[in-house]
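Quick note, the sequences are listed as chains A, B, C and D, same order.
For the first sequence, this note's numbering gives the first residue as 72, with consecutive numbering after it.
For the second sequence, this note's numbering gives the first residue as 72, with consecutive numbering after it.
For the third sequence, this note's numbering gives the first residue as 72, with consecutive numbering after it.
For the fourth sequence, this note's numbering gives the first residue as 72, with consecutive numbering after it.
Glycine residues also receive a C-beta, built at the ideal position from the N, C-alpha and C atoms.
Just below is one structure, and these are the notes that go with it.
Number of protein chains: 4
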Amino acid sequence: MDNEEVSVAVVGATGYAGAELIRLLLAHPRARIAMVCGQSKAGVPIAEALPSLRGVMSGEVEQFDAGAVRDRADAAFCALPHGASAPIVGALRDRGVVVFDLSADFRLGDRPTYEQWYGDHGAPERFGTAAYGLVELHRDELRDADLVAVPGCYPTSAALALAPLLKARLVEPSGLVVDSKSGASGMGRSPSPTGHLPEAAEGVRAYKVAQHRHTPELEQELSAVAGQPVRLTFVPHLVPMTRGILVTAYGTRRPGVTAAQCTEAAERLFEGSPSVTVLPPGTNPDTLWVRGSNRAHVGYWVDERADRVIAMCAIDNLVKGASGQAVQCFNVRFGFDEGLGLRAPAQWP
Amino acid sequence: MDNEEVSVAVVGATGYAGAELIRLLLAHPRARIAMVCGQSKAGVPIAEALPSLRGVMSGEVEQFDAGAVRDRADAAFCALPHGASAPIVGALRDRGVVVFDLSADFRLGDRPTYEQWYGDHGAPERFGTAAYGLVELHRDELRDADLVAVPGCYPTSAALALAPLLKARLVEPSGLVVDSKSGASGMGRSPSPTGHLPEAAEGVRAYKVAQHRHTPELEQELSAVAGQPVRLTFVPHLVPMTRGILVTAYGTRRPGVTAAQCTEAAERLFEGSPSVTVLPPGTNPDTLWVRGSNRAHVGYWVDERADRVIAMCAIDNLVKGASGQAVQCFNVRFGFDEGLGLRAPAQWP
Amino acid sequence: MDNEEVSVAVVGATGYAGAELIRLLLAHPRARIAMVCGQSKAGVPIAEALPSLRGVMSGEVEQFDAGAVRDRADAAFCALPHGASAPIVGALRDRGVVVFDLSADFRLGDRPTYEQWYGDHGAPERFGTAAYGLVELHRDELRDADLVAVPGCYPTSAALALAPLLKARLVEPSGLVVDSKSGASGMGRSPSPTGHLPEAAEGVRAYKVAQHRHTPELEQELSAVAGQPVRLTFVPHLVPMTRGILVTAYGTRRPGVTAAQCTEAAERLFEGSPSVTVLPPGTNPDTLWVRGSNRAHVGYWVDERADRVIAMCAIDNLVKGASGQAVQCFNVRFGFDEGLGLRAPAQWP
Amino acid sequence: MDNEEVSVAVVGATGYAGAELIRLLLAHPRARIAMVCGQSKAGVPIAEALPSLRGVMSGEVEQFDAGAVRDRADAAFCALPHGASAPIVGALRDRGVVVFDLSADFRLGDRPTYEQWYGDHGAPERFGTAAYGLVELHRDELRDADLVAVPGCYPTSAALALAPLLKARLVEPSGLVVDSKSGASGMGRSPSPTGHLPEAAEGVRAYKVAQHRHTPELEQELSAVAGQPVRLTFVPHLVPMTRGILVTAYGTRRPGVTAAQCTEAAERLFEGSPSVTVLPPGTNPDTLWVRGSNRAHVGYWVDERADRVIAMCAIDNLVKGASGQAVQCFNVRFGFDEGLGLRAPAQWP
């Protein structure tokens, strides 16, 4: 049995995505965590910075240093805020480290679009050099990618729901509506009024209505699948729970299309995938069923009265929507079984 | 000062809508609760059946008796399950009692549509005799209505969001999508797997996708406002909280329409309303801001990239979506100030 | 009918206790809110600072000014942080304004004890001049008090549970254990890691174990009732909900004491109280049953196997544990019926 | 590398403990799930009965048959209701199957005590033949036990908190108070009013006050550790979350005892344990930090003012309080490393 291990660094380890990367990598039989980096908590024992690791992991959070990462690790997972990530990714790539970047910095392929939504780029010489880490749509490119832009929770869930329909031409590419409901962990670890329990519990609200920065990323991916420009309306919502995203996407059905056809199209596209389960028509995805797992549940329904296809997808925003997806990319890149270390079912209930 | 009181009975008092009726009627300066009826808990002290009333209200839950209601009350609020309500409403109307019915039994005006979605009607001779109790759209009819079909939470929230747009012809009447997110109290007081906390917390899921029985009711109301048949896609979702509904509705904008125009159209339609607040563009409704109140918050946004209007409305499903709305109808019917007893702000946080 | 109104100012209006004061005072038939003060949000429309007041209340949050308060109000409710309150209370008292202070600044009667737990006092000349605003124990003193120190949620709930037992000598005064479970709104409106929904949901934890500053206040009140010094162990816990405190207090029973005797002792002490309901033995208080109301539910059980009395009390920490209690004191001080404006049942569910 | 596998059956698989057994056993490198039994869902695909297993596990839930279990499995995990378990355990033991029983049926060693709290026993000939599966206290007995009575969440958490103190004689054995706070999954999968989200969220309440059936079990274990009879007061509470138990236990300290001594006593008792982490004084256990893991966090504080030791322990009730503990017993019984398959950290947040 081949016991080769890949040494990895986790950069930005003390946020939620970082904590989840560590949890998943500890369970991964071929990854070895060689370094845990974090800026605000550098020098703090890991088990204090992340109390779920008390008794599980020793060592300290270290200050990021690109050279030290190169010396000790083959690959780095970067879970840093948008904008802050690019220069660090650049420094790691300069030293030959394979990088899985969870920020938005390298996800877009079109420079003007990037600048319109995000402003100046932090490592312009690397712009456009990343593979987009939605494995189900980019498996082949990822096999030899040295920089992977791991997509976030909103584009992942919406693309998994809609890609089969656009690929199989079951819905019109125009007029799509994407209504997403996210748990509060998607906001990250920094306390804010929006996430303060007394104002978050019992509150459902939309935010960044039709203005969320993940919109162009989702359009980029769906346009590629559809073979023509896709422009859609995306409205994210916060719901009072910790983890999970449910997306309900609406498209105009092509004449006569049935829920069974949609389901079959998804089964074809995701055949063999260790991470996507297609539910039979009438069974609706539920975030609770995937919580803590790297699994996406997709399901379809047709509103015959209104000629509309309803595509749904539930994922755990921190796993298939972030850290699990990064590990899935890692598996593809390093030639491991795609589901290695990622097959655990959801923690239910 | 005129101290005339109207005696009322609450029928079906021990469910959530019933409990909320009692809470609101106790605070109403012109209503006097003369009788509290409930089938499964008849004979039980009210304060045991509804523990929030311990120390607040004495007396027992009584078995329903139409004659007793007529003898003791001028009006009855019926908070009974769909189907079970019609015969009781019929018996009360036979005896001249003014009825505010919170069930779906009398909301539809078209008999074939009713039968298609609900089957046989329980009091066919009364079909079509009710006024639809969405005060903001039917204020005048309600002034002399002896039977009021109080709409539920989904149609109320969606109609308040969309009626101004259709009335002012700011969106196309076809192609509407209504995505609703409801708290668990909308399921009622009977325990079920879906509402069991371990399976409800951390779970967001759609249900009755494009098949919910409130669809024809909403279409009826919007068609009347639009002056032409409206057919829409309605998808309700359960979110892990107790109270509140947020609806996010999507329509194709008529050319050049702005969020400001949508907002103004709503301000016009709801001018003087004690129950509807129109938020400025960019401020999104939040269920927490209306919890426990009879208030609806509506807000609008335009996605210029995709030529779409996004209309949002938040209400408390048990108040403006049920019992508060019934009391609002009562106020209009009995000539009281429309907001009497209903002006309390939300309990926040 | 006497329509005399008392004009009141709310100082520190934009926190949770302030918001709750406004909600309760708006419903109070004899109070008129003349001024709403807040430091960080001075100049902001009230309805923006407190979104539940959109459509309900106009006007702006004003900067505090003691002279302006005196000119426009007969009484002031101060909902300010501990320490910050004393000088403002002093300035108001200097101008003759009757003050209901929700901070801890004037609750203790013993200066060394105060300094041991809090340090220097902010208005030492006023120390010891306040009446303690737990109406059920200090009703008579409150009738002519010009400065009322309104107790907080922990001492209120624990004192209501234990006072009847100590007064009737049903438990030993030594060896008491007070285990309290509080919702997150008790932490106030400032976001913090402890209250951040992803780290607050699904988390129960003790804090300030046997060190909470409310300990001496509770001991002061219980010692007075017992007629001898009471020293107890107090451990507060945070539970994942917004409102409510449940206290479970444990005492050694005097020989032969029964739950019925404990219940009767409480019924005697709280006879005629509009705010305290004594539950029969075997019915346990539940925070949900009092949420949003100014009601305390107390209940007793005896563990005969271990010779222990278990005393429980549930309140809404923001109402009977803060703002409602302040209004109750206001009623007593200004000669209104004690329950005026405070009789609304809980919002259930 | 030794790849020997133990074939196991899970009986009562479709409840919460059963689901958790499957989740843990799927991740266990030496266990192979050979049979999944359940009565109400016999014949249903596993992935329908437990939706978190869609795409993860095929096969159907089978009707229990003792002979079939013996033919296909070396060991059985029984997650059945109290009372229902004993005859099934008896039938399995008759056929030589090693049984890990998660019910209370075999936990007590004293027959009259059993009958006093539970009534007649369902397999009296087996009474008293089980080892008590709290590994930290019974490791040696478990190595060759063929019937293991796995303790539940309340006794586990309380015994882990208190055993070190009693063993080291740091607290008096009399006068102990055990105040436990449990998430709703402890009630099991059957919907009930108590667990219905609208009545469970925002509600904290005690239940079975000083009458819970786990009391004698806890007293049995603590008496053994203390070397003298221990009688305590135990009050369980329900808090609005899915998973987790926090126990706060109060004991009278022996003269001069410090928090550091308590902590050291726990470190000694739990030295080398893969499942118990002792927190430093001042760091309080939090259920969120152990959720989904087989880990217990214990911590101690001394209230010097009141001469009391406060012992706290947080576990996940479904893991260290049920299924994880069973797997830990399985590891000891079959000679595997005690933490095998159980070292995953909590899912945080």
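Residue burial classification, residue i (beta-carbon count within 10 angstroms, cutoff 16)
| i | result |
| --- | --- |
| C:Lys279 | exposed |
| B:Gln291 | buried |
| D:Ser346 | buried |
| B:Asp172 | buried |
| D:Pro244 | buried |
| A:Glu196 | exposed |
| C:Glu75 | exposed |
| C:Arg339 | exposed |
| D:Gln187 | exposed |
| A:Glu288 | buried |
| C:Ala120 | buried |
Proximity of residue i and residue j at Cβ, strictly below 9 Å
| i | j | result |
| --- | --- | --- |
| D:Arg302 | C:Arg376 | yes |
| D:Leu233 | B:Ala271 | no |
| A:Val306 | B:Met312 | no |
| B:Ala90 | C:Pro356 | no |
| C:Phe148 | C:Phe401 | yes |
| B:Ala328 | B:Lys238 | Note on residue identity: the sequence assigns Val, not Ala, to residue 328 of chain B. Not closer than 9 Å, so no. |
| D:Leu236 | D:Cys333 | yes |
| A:Gly114 | A:Val82 | no |
| A:Arg94 | A:Phe407 | no |
| C:Trp360 | C:Ala417 | yes |
| A:Ile316 | A:Ser174 | no |
| D:Ala336 | D:Asp250 | no |
| C:Arg362 | C:Asp387 | yes |
Straight-line Cα distance separating residue j from residue i
| i | j | result |
| --- | --- | --- |
| C:Arg284 | C:Tyr185 | 9 Å |
| A:Gly412 | D:Leu97 | 12 Å |
| B:Leu241 | B:Arg325 | 5 Å |
| D:Ser263 | B:Ser261 | 8 Å |
| D:Leu423 | D:Gly322 | What the structure shows of chain D is the stretch from 72 to 420, and residue 423 of chain D is not part of that stretch, so it cannot be assessed. |
| C:Ala194 | C:Val169 | 16 Å |
| A:Gln396 | A:His209 | 12 Å |
| D:Ala415 | D:Asn365 | 8 Å |
| B:Ser129 | B:Pro116 | 7 Å |
| B:Thr304 | A:Met383 | 14 Å |
| D:Met72 | A:Arg103 | Because the pLDDT of D:Met72 is 37, which lies under 50, any placement of that residue in the model is unreliable, and the number read from its coordinates should be weighed accordingly. Going by the C-alpha atoms only, they are around 20 Å apart. |
| B:Gln299 | A:Asp217 | 58 Å |
DSSP three-state assignment for residue i, whether helix, strand or coil
| i | result |
| --- | --- |
| A:Lys238 | helix |
| B:Trp372 | strand |
| A:Ala157 | helix |
| A:Tyr278 | coil |
| B:Pro169 | According to the sequence as given, residue 169 of chain B is Val; it is not Pro. Here B:Val169 sits in strand by DSSP. |
| B:Pro356 | coil |
| B:Arg379 | strand |
| C:His209 | helix |
| B:Lys116 | Looking at the sequence provided, one finds Pro at residue 116 of chain B rather than Lys. Residue state, collapsed to three classes: strand. |
| B:Glu133 | strand |
Within 8 Å, do at least three Cβ pairs link the stretch 215-224 of chain B to the stretch 173-190 of chain B? Under the Cβ criterion (8 Å, minimum of three pairs), the stretch 173-190 of chain B counts as touching the stretch 215-224 of chain B.
Would you check if the stretch 141-158 of chain A and the stretch 115-132 of chain A touch, i.e. whether three or more CB-CB distances between them fall below 8 Å? Because the criterion of three Cβ pairs below 8 Å is not met, the stretch 115-132 of chain A and the stretch 141-158 of chain A do not touch.
Examine the Cβ distances between the stretch 362-373 of chain B and the stretch 148-158 of chain C and report whether three or more of them are shorter than 8 Å. At 8 Å Cβ cutoff, the stretches do not touch.
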